[in-house]
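Numbering-wise, the UniProt record's numbering puts 48 at position 48 of the sequence shown, and it's gapless, one number per residue.
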Amino acid sequence: MAGNSKGSEYLNRKLELAGRPDSKVVMTRTPESHILYLIMSQADIGISTLKMRLFQEGYSADEVESLIKEFYAKCRELEKVVEKINTKCGFKYKKAKELA
């Protein structure tokens, strides 16, 4: 019974988080998608923390800007690979407008 309670608490917490306006629900279908999700989660935490602590921790704006630019460059590279995969499968790829 204790296991069910713990599982219910976990599920309720996930549902609560999914209902927040700043949340997105992500379903992964493959191990590769799960890897991307894990990387994305860590990037979200790291980038938001870096931006919040920019002036508190004494990071230079140039340092942070350089890391963010590198992040976007790598995202564009990943997007090109995903577009190739989708094209090969016959699916039209919809580019992320945020990377334009």
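Idealized CB from N, CA, C, for every residue including glycine. Quantities reported herein were computed from a predicted structural model and do not represent experimental measurements.
Following the DSSP letters along the chain, one finds Phe-91 in no alpha helix (DSSP H), marked with neither H nor E.
Cβ-Cβ distances below 7 Å link Ala-18 to Val-25 in the same chain, with the five nearest sequence neighbours on each side left out; the list follows chain order. The criterion of a C-beta distance shorter than 7 Å is not satisfied by Leu-36 and Cys-75. Here DSSP, grouped into helix, strand and coil, assigns Glu-57 to coil. Thr-49 sits in a helix when the DSSP states are folded into three classes. Annotated three-state conformation of Pro-21 is coil, per DSSP. Glu-65 and Ala-43 have their C-alpha atoms spaced approximately 15 Å apart.
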